[in-house]
Amino acid sequence: MMLAAAASAEVGSEVTPSTPEVVGFTGAFAVELCLLALLAATAVAMIRMRRLFGVAMLSGIYSLLSAAFFVALDAVDVAFTEAAVGAGMSTVLLLSGIALTAKVEMPVSRTRTIAPLIIVGVTAAALVYATIDMPGFGDANAPANAYVGRAYIEQTPSDIEVPNVVTAVLASYRGFDTFGETVVVFTAGLACLLLLGAGAIRGGGRNDDGEH
Amino acid sequence: MYWVASFAILVAMALMLVRAVKGPTVYDRVLSVNSFGTKTVLLLGVLGFLMGRPAFLDIALLYALINFIATIAILKFFRYGDLSGMMHGDDPARREAE
């Protein structure tokens, strides 16, 4: 998922959303706010829940919500990666992990949660601070939109003849890059299968059918 | 009009979320996740028209496929305890029936 996020960040930094919208309280903006509120509610519920099956279900919901949020932000490719990896694959992986370990999370003492909370808070503050310097959404003069991004937007209709610039960049301009990423994801999937799926370990401690 | 539709879907999503959090049984949770995926598909369709880009409908269709596979995987996990139960030919449901 990190790889997908990195790839999409790379793409997102160089491909402009189609039209810069006037900042204001539009309907799409209100929908985005509602989606973010639902995301926050889901995250809090995931933290408070102790039964891991429910947490896995909620993580699927979280992925679907963030995918919808990415679509609302015009980042369709990121949204699709999130839906496939987050809602599809990682829910299944979480369930496999639950099958191999425990069904219920052990309670954690209050004192042990203080240090992680501080670390997360500081990181979040640094990230929010970093967003202050960022150019506005869809700003034509932003560095991400100015140089190679503009060239992609201008040349894609004549070079590649596909309507979507992101698709053109991913599948044609950076075809080898995407191929390498796909190989990496495939290898990771194979490793997960070897660890969790078709190996000798079955959930509940039953190792085989008594053949050995 | 699309706004009203999208807000109705968002309210439905919130209700699904409540059921996924509170849901007393596992089936409530599975059903809420599946239904949440359906709501996401609907929301994407409406958002496409709301933002003037009806091409989002294709993505919504793909989401429907992913949602279906995920639900099947969850149910299979819940029935067999792991995801490779069928590989043994060891079918608890069939065993119960015999």
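Chains A and B are the protein sequences, given in the same order.
So for the first sequence, this note's numbering puts the first residue at 434; every next one is plus one.
So for the second sequence, this note's numbering puts the first residue at -19; every next one is plus one.
Each residue gets a CB set at the ideal place from its N, CA and C atoms; glycine is no exception.
- Taking the Cβ atoms as the reference, Phe36(B) lies roughly 6 Å from Val504(A), within the contact range of under 8 Å.
- By the rule that beta-carbons nearer than 8 Å mark a contact, Phe609(A) does not touch chain B.
- Between the alpha carbons of Ala532(A) and Leu560(A) lies a gap of roughly 35 Å.
- By alpha-carbon distance to Lys19(B), the top candidate from Ala621(A), Pro576(A), Ala501(A), Gly554(A) is Ala501(A).
- For Gly32(B), there is no enclosing alpha helix (DSSP H), since its DSSP letter is neither H nor E.
- Assignment of beta-bridge partners to Arg481(A) by DSSP yields no partner.
- By the CB criterion at 8 Å, Leu603(A) and Thr615(A) fall outside the cutoff.
- Inclusion of Phe570(A) and Val6(B) in the CB contact set at 8 Å is not warranted, their separation being larger than that value.
- One thing to note: Leu468(A) has its Cβ within 8 Å of the Cβ of Leu498(A).
- Residues of the same chain with a CB within less than 6 Å of the CB of Val21(B), apart from the 5 flanking positions on each side, are Ala40, Tyr43, Ala44 in chain order.
- Here DSSP, grouped into helix, strand and coil, assigns Val595(A) to coil.
- Contact between Leu30(B) and Ser(-14)(B) holds, with the beta-carbon distance rounding to 6 Å and staying under 8 Å.
- Taking a Cβ-Cβ threshold of 8 Å, none of the residues of chain A is close to Gly25(B); the smallest such distance is about 10 Å.
- Interface criterion not met: the Cβ of Leu469(A) is under 8 Å from no Cβ in chain B.
- In the displayed model, Val541(A) falls within coil according to three-state DSSP, outside both helix and strand.
- Judged by DSSP in its simplified three-state form, Phe48(B) adopts helix.
- A contact between stretches requires three or more CB pairs, one per stretch, nearer than 8 Å, and the region 533 to 545 of chain A fails this requirement with the region 508 to 524 of chain A.
- Against chain A, a Cβ distance below 7 Å from Tyr43(B) picks out Ala516.
- Ranked by how close their Cα comes to the Cα of Ile586(A), the residues Val617(A), Ala577(A), Leu623(A), Val598(A) have Val598(A) in first place.
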